[in-house]
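Inspection log for the structure reproduced underneath, given as structure tokens.
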Amino acid sequence: MKILPFERWISALVRPLETLNLIRISRQTVLSNYDFFQNLHPSSFLFPVVKSNAYGHGLPQMVDILRHRSFPYYVADSYWEALKIWQLHRHPVLLIGPIHPQNYRHMDFNRLAFAVSDCQSLEAIGQTGRRVNVHLKVNTGLNRQGIDPQAIPVAIDILKKYPQIHLEGVMSHLADADNPVSTHTARQQLLFRRVCRDIQRRGLNPRYLHLSATYGTNKPPASEFNTIRLGIGLYGYGPFNGLHPALSLLSTLTKIAPIKKGDCVGYGCTYTALRPSNIGVIPLGYFEGLDRRLSNLGHVRYQNHFLPIIGRISMNLTVVDLGKLTPKLFDQVEVYGPDSSASNSISKAAEICQTIPYDLLVHLNESIRRVVVN
Ligand SMILES: Cc1ncc(COP(=O)(O)O)c(C=O)c1O
């Protein structure tokens, strides 16, 4: 008997069961977002970023979609994510998260490249004695990861000591790219350009030079540095009108009941009905990833109506005000929809929560079933 990996086994087991919560990912939308950036920078390499469960969209689902495009690397955070990608697509992965130096010797270096941010890690990679691609990460002003420019000569000495390490890329990351009037971005670009030239002068010729993620792509040198790590833009959020969110989160009305004027709803009695109404209960709460800050503020859509979330969102349940509507029990509602201007969009919800779409997306619980449509 063939042994299935655990996740495939579970998914085979539950497939006949209906689900009350569902995440739908539009294949066409993801691919058209991808193509949008490729058309914007036709000579650049795009590295799709699929870390954090592909920004909540589902790693297997996104890998399945992205197989339809050709690019040098997926970008993931951890080796564990790379292993998951390879279950579906034996394709190169660039790891950008920190790695314990002791772990390199246990890793499969085939189809893997490392973003390396410090000389100790470079030494540890060298000591494995194995051939490997690295992308040197330089700190140009985010001050989070990366080798400081003045330490680059030390890193190059290590690279020369271990000729089996191939310097395939040089990269950095912008701190203020979503600020259209930032002067910091231009400073980082300048510094990155200098570092790349310095490395080239020292006889190394890395193929991929990458500074920009999504928000860097509307700043001219994105093409000059020939690679873009494309994260949030791929999923449909970012600085351009041509992008469309690929994700919808659907749920189900599992209870419909009248409430009287003066009745309160939910923990802490933060909502009191001003008039008789009907409430609907959906089986989705902050565990599933519906941010608790949407309590009494967010909306879900039922047909063409936007229903206010009333009372506090609980761990696994949320109550909405149906007003005079008369849906049927087990009718579907759209918790997050793909129309960015609608009051149940991720962008709108992020505004309400005073956060960013990334935050809401990555917190969509992995246990919610994801399906790819069209
Ligand atoms: C190093 C690095 N590159 C690229 C990205 C992708 O950024 P974005 O989603 O803004 O495109 C991230 C996101 O966290 C990152 O940390």
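Under my numbering, the first residue of the sequence shown carries the number 3, and numbering increases by one thereafter. All C-beta atoms in this analysis are idealised placements derived from N, C-alpha and C, irrespective of residue type, glycine included. A quick note: this is a predicted structure, and the numbers were derived from the prediction, not measured.
### Task
Please check the pair Trp82 and Arg113, which I expect to be a contact at CB under 8 Å, by giving their CB distance rounded to whole angstroms.
So it is not a contact: roughly 15 Å between Cβ atoms.
### Message
Just to confirm the assignment, what range does the alpha helix (DSSP H) spanning Ile201 have?
### Response
His186 to Arg203
### Task
Check whether the Cβ atoms of Ala352 and Gly300 lie closer than 8 Å to each other.
no
### Query
Looking at Thr216 and ligand 1, is the gap between the Cβ and the nearest heavy atom below 7 Å?
yes
### Query
Thinking C-alpha only, which one of Val32, Val335 and Ser45 is nearest Ala248?
Val32
### Query
Looking only at its own chain, which residues have a Cβ that is under 6 Å from the Cβ of Arg29, when we skip the five neighbours before and after it?
Ile67, Val374 and Asn376
### Message
I need the DSSP call for Met317, collapsed to helix, strand or coil.
### Response
coil
### Message
I need the boundaries of the beta strand (DSSP E) containing Val283, first residue and last residue.
### Response
Ser279 to Ile284
### Task
Identify which residue in Met173, Lys53 and Lys257 has its Cα closest to the Cα of Thr328.
Lys257
### Task
Could you round the C-beta distance between Pro208 and Leu169 to whole angstroms and report it? I think they count as a contact, below 8 Å.
5 Å
### Query
From Leu236, Val321, Leu252 and Asp293, pick the residue whose C-alpha is nearest to that of Ile261; which is it?
Val321
### Task
Check whether the Cβ atoms of Gln147 and Ser123 sit closer than 8 Å, and answer yes or no.
no
### Message
Please tell me whether Ile315 and Gly287 are closer than 8 Å, where the distance is taken between their beta carbons.
### Response
yes
### Query
My guess is that Phe47 and Phe73 are in contact by the Cβ rule of under 8 Å, so how many angstroms apart are they, rounded?
7 Å
### Query
With which residues is His168 paired in a DSSP beta bridge?
Asn135
### Of the residues Asn220, Ile98 and Arg303, the one placed nearest Gly339, counting alpha carbons only
Arg303
### Message
Looking at ligand 1, does it come within less than 7 Å of Arg196, judged from the CB to the closest heavy atom?
### Response
no
### Task
Could you please give the first and the last residue of the uninterrupted beta strand (DSSP E) stretch that includes Tyr210?
Tyr210 to Ser214
### Query
Would Ser38 be called buried (16 or more neighbouring beta carbons within 10 Å of its own) or exposed?
The displayed chain sequence assigns Phe, not Ser, to residue 38. So Phe38 ends up on the buried side.
### Message
Closest to Leu331 by C-alpha separation, out of Pro285, Glu368, Leu362 and Arg294, would be which residue?
### Response
Pro285
### Query
Is DSSP giving Ile25 helix, strand or coil here?
strand
### Message
What would DSSP say about Cys355, mapped onto helix, strand or coil?
### Response
coil
### Query
Hey, is Val51 close to ligand 1, as in C-beta under 7 Å from one of its heavy atoms?
yes
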